[in-house]
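First the structure, in the form of structure tokens, and then the observations on it.
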Amino acid sequence: MTIVFGVFLLTLMLITAFAIVRTPNLFVAVMLTGIFSLLLASNFFLLDAADVALTEAAIGAGISTVLFLGALALTAERETAPSSNRFIALVVVSVTILAVVYATFDKPRFADPAAPVHQHIAPWYLETTRDAIDIPNVVTAVLGSFRGYDTLGEVFVVYTAGIGVLFLLGKNTGRRRDKPDDAARGLRHYLIPRMVGRMLIPFILLFGFYVQFHGEYGPGGGFQAGAIVAAAIILYALLEGENRALKVLPRGLLTGLIAGGALLYGAVGVVGILLGGNFLDYSVLSSDPVLGQQLGILLIEAGVGITVTGVLLSIFHAFAARGRF
Amino acid sequence: MLETLLDVLSWLLLSVGGLFVFVGGLGALRMPDLYTRMHAASVTDSIAPILIIGGIMLQAGLSLASIKLAAILLFLLLTGPTASNALASAALLAGKNPDQARPLDEESTQ
């Protein structure tokens, strides 16, 4: 049954992908990418990858769509006619597709228990998590502790991407804004969305913090929580006006959050060294190694969440300052 | 006996809810202009979630899952109609007059 649903969702994704390529209207393409991400998230969930599904739904379907719309506000709504040679593009794409299809022949069959990924290191993760970290969600243990270096790298990728976008778009405000009032007012004149949004924003924030701090017990963690918290504040900015959102979280504070989260993550690693352990070895953080591991994961997840929130909100404000939403 | 009854009721809710989603999708495809399409599609975010999540809640029984489902239903019931309202008022502001609405096909050929 899983296979039937999986093939159905993948077929829908293929159709959506073709529609994205075919449509000349960029607004339609943005909406379709949102649908594509939601289908992908459903597919991940079908494969029991709840953590990844949550990330894809929050970032792919949620925040990216808003950021794409922000980018669209700076350009035209329709695609310009392609001027370059499309034949070469077709050849390149075809060759790539053939290479990828050829590569899949070497992959193990779907849900094969003898697949290398289930034999190599996964059993060790499952057993060691129970003894050394003692949290139910093994994904969080792998992400936060066993592969802490990788996650640190990911945080710095997010950090670098945020800085890059801020450099490209610039942080200065109101330079190219046509009507300054628009961004100041937001959607204040639309009573119903504003009232419902006002009612929902506290609960969205609460859910964000639940995802952040419940990540050791259920699906979730810093990346997802950061996206959800950022979504709540973007909603506030859309409803009440960008300026009021900036009053709550000013630009300087957001830049501080970007650096502070990454710094917190790195600092946890350095404190590990100072206490006599290895970099990002949390066992030395407390007299009880298991408790130390849990504390370390909690701290680095907080760092991840802070950086992701800061980057997403900074990018949103950078777009909003240049165009009109 | 009670369990069979709950099962039957749950499947009834699920199938009727599914039927409403289908009707909503069909209406969104076949109706002539934006407002009638939205009217048809709005059943998928009002009655359909009530029926479908009600059906799943009957399957879940009295548990934490049911409470979570109820929270999701409340969220959907608040956001769905709000989104429809925002879409309709945006269309009205963009100059689409419901009184003189023309079929979408004609507009796109202009």
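Chains as they are written, first to last, in the numbering used here: chain A, 1 to 325; chain B, 326 to 435. By construction, the Cβ of each residue, glycine as well, lies at the ideal position given by its N, Cα and C atoms.
Sub-8 Å separation of residue i and residue j beta-carbons
i: residue 371(B); j: residue 382(B); result: no
i: residue 192(A); j: residue 410(B); result: yes
i: residue 229(A); j: residue 309(A); result: yes
i: residue 384(B); j: residue 340(B); result: no
i: residue 304(A); j: residue 220(A); result: no
i: residue 62(A); j: residue 140(A); result: no
i: residue 161(A); j: residue 311(A); result: yes
i: residue 115(A); j: residue 123(A); result: no
i: residue 67(A); j: residue 319(A); result: yes
i: residue 293(A); j: residue 132(A); result: yes
i: residue 65(A); j: residue 23(A); result: no
i: residue 12(A); j: residue 39(A); result: yes
i: residue 397(B); j: residue 378(B); result: yes
i: residue 244(A); j: residue 317(A); result: no
Three-way DSSP call (helix, strand, coil) for residue i in this model
i: residue 278(A); result: coil
i: residue 137(A); result: coil
i: residue 43(A); result: helix
i: residue 78(A); result: strand
i: residue 25(A); result: strand
i: residue 48(A); result: coil
i: residue 370(B); result: helix
i: residue 194(A); result: helix
i: residue 170(A); result: coil
i: residue 240(A); result: helix
i: residue 287(A); result: coil
i: residue 121(A); result: coil
i: residue 202(A); result: helix
i: residue 362(B); result: helix
i: residue 422(B); result: coil
i: residue 113(A); result: coil
i: residue 299(A); result: helix
i: residue 217(A); result: coil
i: residue 249(A); result: coil
i: residue 356(B); result: coil
i: residue 108(A); result: coil
Close Cβ partners of residue i (< 6 Å) along its chain, the five nearest in sequence each way excluded
i: residue 300(A); result: 144, 265, 268
i: residue 345(B); result: 368, 372, 373
i: residue 175(A); result: Its pLDDT being 48, under 50, residue 175(A) is placed unreliably by the model, and the measurement read from it follows with that caveat. Taken in chain order, the list of residues that qualify is empty.
i: residue 152(A); result: 265
i: residue 225(A); result: 208, 211, 212, 305
Burial state of residue i (16 or more Cβ within 10 Å)
i: residue 119(A); result: exposed
i: residue 322(A); result: buried
i: residue 288(A); result: exposed
i: residue 137(A); result: buried
i: residue 18(A); result: exposed
i: residue 217(A); result: exposed
i: residue 354(A); result: Residue numbering for chain A in the displayed model covers 1 to 325; residue 354(A) lies beyond these limits and cannot be assessed.
i: residue 315(A); result: buried
i: residue 5(A); result: exposed
i: residue 59(A); result: buried
i: residue 407(B); result: buried
i: residue 178(A); result: Reliability fails at residue 178(A), whose pLDDT of 48 lies under 50, so the model's placement of it is uncertain and the value that follows must be treated cautiously. Residue 178(A) should be labelled exposed.
i: residue 329(B); result: exposed
i: residue 435(B); result: Residue placement at residue 435(B) cannot be trusted, given a pLDDT of 39 that sits under 50; what the coordinates show is reported in the next sentence. Residue 435(B) comes out exposed.
i: residue 41(A); result: buried
i: residue 386(B); result: exposed
i: residue 79(A); result: exposed
i: residue 36(A); result: buried
i: residue 3(A); result: exposed
Nonlocal neighbours in the same chain, by C-beta distance under 8 Å from residue i, ignoring five residues either side
i: residue 232(A); result: 201, 204, 205, 208
i: residue 75(A); result: 26
i: residue 31(A); result: 65
i: residue 272(A); result: 278, 279, 280, 281, 282, 284, 285, 296
Residues of its chain near residue i, where Cβ-Cβ distance is below 7 Å and the 5 sequence neighbours each way are ignored
i: residue 277(A); result: 283, 284
i: residue 10(A); result: 43
i: residue 295(A); result: 282, 285, 286
i: residue 55(A); result: 223, 224
Discussion item. Taking beta-carbon pairs under 8 Å, can you tell me which members of the stretch 220-249 of chain A lie near chain B?
Written reply: Answer set for the stretch 220-249 of chain A: empty.
Worksheet entry | Residues of the stretch 407-425 of chain B with Cβ closer than 7 Å to any Cβ of chain A, in chain order | Listed by position, the residues of the stretch 407-425 of chain B near chain A (Cβ gap below 7 Å) are 407, 410, 411, 414.
Practice prompt. Return the residues of the stretch 336-355 of chain B that lie within a Cβ-Cβ distance of less than 8 Å from chain A, sorted by chain order.
Written response: Listed in chain order, the positions of the stretch 336-355 of chain B with a beta carbon within less than 8 Å of a beta carbon of chain A would be empty, since no residue qualifies.
Worksheet item: If you measure beta-carbon to beta-carbon, which residues of the stretch 380-403 of chain B are closer than 7 Å to chain A?
Response: Within the stretch 380-403 of chain B, the qualifying residues are 403.
Practice prompt. Could you please tell me which residues of the stretch 141-162 of chain A, in chain order, have their CB closer than 7 Å to any CB of chain B?
Written response: Cβ contacts with chain B come from no residue of the stretch 141-162 of chain A.
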